[in-house]
Amino acid sequence: MKKLEIRIRTLTPIWTGGPDGTPNGLKMSGVIGGMRQAFEMLVRKHGGHTCNITGPANHRCNYERDKRVCPACAVFGCTGLSRAFKINLDLPTVTPVIPQSDLKLPNRDHDNTQYNAPCSIDTWLASVLVPDDSGMLRPGEHKTAQDKLKAALRLSYSPAPINMRILPLRRNLPDDLDSILTYLLAFMSRYSGLGAKIRQGWGQFEMPDITEEEIRAGEGALVHLVQSSGFTHHDWDAGLPTASDLFCAEWNLGDAIPGDISWPGKGHPEGDCLSTGFLLNYRLRRCIKFLEVDTTERVPVAGDWRTMGYKNVPWKETIPFVRAVFGRDNAKDHDKHSGLVGMSHLFKKDGNWHMTFFGRIPAVYLYRERNGNSTRLTWSPGDVREFLIGQASGMLGKASTDAQISMGGQV
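Numbers in our numbering are just positions in the sequence shown, counted from 1, shifted up by 62.
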C-alpha cells in the first residue's frame, strides 16, 4: 500500500473529545476508534469474528502470545502489533450554533416541574455537555447556556471537499489494505460517521468521488481478509454488534427548511449545516414515550400516530423500549448508555436540505435497568425499524416512502 488519498466532504461537524470529553479540535484517536468499531461490525457481517478489546484480557488479541490475531487487530493493531496505517485530516475548527428551544414540545419536565412553554434545548445540552457545580440550568437561562456551549464546543468541519490522507505504518500489511479502508469509509458514510456522538448528529460525511467498482473491490478484499484469517476464538465477540442489524433512512427535504421544524426560523446565519440532531432526536423520543404511556394530548402529533396501525405491538408499550432505543444520558448517572438509533443534523447536499435517521435493531437486546437488573427485549427488527422510520417521517411532514432506506450494512 502506498499513500492513499480519499476526497471527503463533512456534512456535519466532527466531535472528538479531549481528556474530559470536551471537544477542542480534531483528535485522530477519536476518529480511529470509531473506524475500528465499524470495521468489527463489518467483519461479523461477513462471517468473521474479532476479539473483544473492551472485554477481559484473555479475550483480547496479543501478537506476542499468538500471531493469529483477529482481522480487526491485523488492521488496527493490538499488544505487540502496531496499527497498519495513520490518517492525516486537516479541518478548520468551528463553533456550531445550538438551538434554544423547540416550540413543538411544551411541558418539558426539566426538574420535576412542568413548564407551559417551549421545550428548552440549549439549557439541557449545556447542563449535560458542560456540567459544573451549579447544577442543571433552568429552561429560561438561555444566555448562560449559549455562553457555556460557545466556550466549550470547538468542532472540526468544512463544507468544501478535502483530502483524507492515509499512510502505511508498517511493512507486513494486509493484502489490498487501501481497498479495504476505502470500503470501510464508504460504509461509515452511509451508516455511521467520523468521531464521537454520531447519534446526536455529529460526524456525517460523504465521499463524492467513490465508485461502485471501488466499493465492490473493497468488500471483496475484506471478505478475503476474513476468510484467510487464522483467528480461531469465535466466542470472544459473542453478542457484539454486527453490521447486518444496521439501517439508515435519508430524506431530501428540498431547498427550504420544512415548515414543521420551528427552529431556527428567521435570522439564522446562512450555512450548510443546522445543529438540530439532538433536538429532533429528543422530539421523537418524547413523542414515542408519551404515546407509550397513553398520553395523547401533550404532544401535538402523537394523537395522529394512533391511526398508523401500530396499536398491537407489545414492545412499544413498555418504557424500557424508549430507553433502549434512544439511550440514557444524564450527567448525574454512572450507568448512562448510548441508544440504538440517532438523527443527523440538517445538512445541505446538492443544494437541498437532507437528514438521516440511522441505527441498529438486533432481534434481541439486553437492556440494563438503573437498579442493575436486565430486561431482555425481543422484537421483530423489521417491525421496529418500520415503526421508527414511520414516526421520523411523520415528524418531518414526510411519508415513509420518501426516504431512501439502506439496510443490513449493504453499501
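No residue lacks a Cβ here, since even glycine has one placed at the ideal position from N, Cα and C. For clarity, every value in this text was computed on a predicted model and none was experimentally measured.
- Only residues of its own chain outside the window of five on either side were considered, and among them 413, 414 and 415 have a CB closer than 8 angstroms to the CB of residue 317, listed in chain order.
- Secondary structure of residue 93 (DSSP, three-state): helix.
- Across the set 75, 104 and 97, the C-alpha of 104 shows the shortest separation from the C-alpha of residue 308.
- The count of Cβ pairs closer than 8 angstroms, one atom from the region 90-105 and one from the region 249-268, reaches three, so the stretches are in contact.
- In its chain, beyond the 5 residues on either side, 221 and 410 have a beta carbon closer than 6 angstroms to the beta carbon of residue 334.
- Cβ neighbours of residue 110 within its own chain (closer than 6 angstroms, five residues either side excluded): 133 and 288.
- Annotated as proximal: residue 106 and residue 305, with beta-carbon spacing under 8 angstroms.
- At a Cβ-Cβ threshold of 8 angstroms, residue 74 and residue 208 do not count as neighbours.
- CA-CA distance, residue 385 to residue 440, rounds to 14 angstroms.
- The shortest CA-to-CA distance from residue 426 to any of 420, 437 and 165 is the one to 437.
- Its Cα nearest to that of residue 292, the residue 130 stands out among 130, 447 and 123.
- The Cβ neighbour count for residue 262, taken over all protein chains shown within 10 Å, is at least 16; the residue is labelled buried.
- In terms of Cβ geometry, residue 420 and residue 253 form a close pair [threshold 8 angstroms].
- In the three-state DSSP reduction, residue 103 falls in the helix class (H, G or I).
- For residue 468, the beta-bridge partners assigned by DSSP are 310.
- Counting along the chain, the unbroken alpha helix (DSSP H) around residue 455 starts and ends at 443-457.
- The shortest C-alpha to C-alpha distance from residue 315 to any of 277, 455 and 217 is the one to 455.
- Taken through DSSP and simplified to helix, strand or coil, residue 344 comes out as helix.
- Residues of the same chain with a CB within less than 8 angstroms of the CB of residue 125, apart from the 5 flanking positions on each side, are 131, 135, 140, 141, 142 and 143 in chain order.
- Just measuring C-alpha positions, the residue of 311, 146 and 88 sitting nearest residue 236 is 146.
- By the Cβ neighbour-count rule, residue 453 is buried, with 16 or more other Cβ atoms within 10 Å of its own.
- With respect to residue 228, residue 149 sits close: the two C-beta atoms are nearer than 8 angstroms.
- Residues 188 and 192 of the same chain have their beta carbon placed closer than 6 angstroms to that of residue 210, with the five preceding and five following residues left out of the count.
- Only residues of its own chain outside the window of five on either side were considered, and among them 226, 267 and 269 have a CB closer than 6 angstroms to the CB of residue 70, listed in chain order.
- A distance below 8 angstroms separates the beta carbons of residue 85 and residue 217.
- Using a 10 angstroms sphere on the CB of residue 471, the tally of other CB atoms reaches 16 or more, which defines it as buried.
- Scanning its chain for C-beta atoms nearer than 8 angstroms, with the 5 sequence neighbours on each side dropped, one finds around residue 296 the residues 111, in chain order.
- By the CB criterion at 8 angstroms, residue 338 and residue 408 fall inside the cutoff.
- Following the DSSP letters along the chain, one finds residue 69 inside the beta strand (DSSP E) bounded by residues 66-72.
- Boundaries of the beta strand (DSSP E) harbouring residue 429: 426-430, taken from the DSSP string.
- Across the set 311, 388, 214 and 417, the C-alpha of 388 shows the shortest separation from the C-alpha of residue 346.
- Of 213, 341, 164 and 181, the smallest CA-CA separation from residue 404 is found for 341.
- Note on residue 118: under 16 other CB atoms within 10 angstroms of its CB, so exposed under the neighbour-count rule.
- By the Cβ neighbour-count rule, residue 114 is buried, with 16 or more other Cβ atoms within 10 Å of its own.
- Burial state of residue 399 is exposed, judged by a 10 Å Cβ sphere holding fewer than 16 other Cβ atoms.
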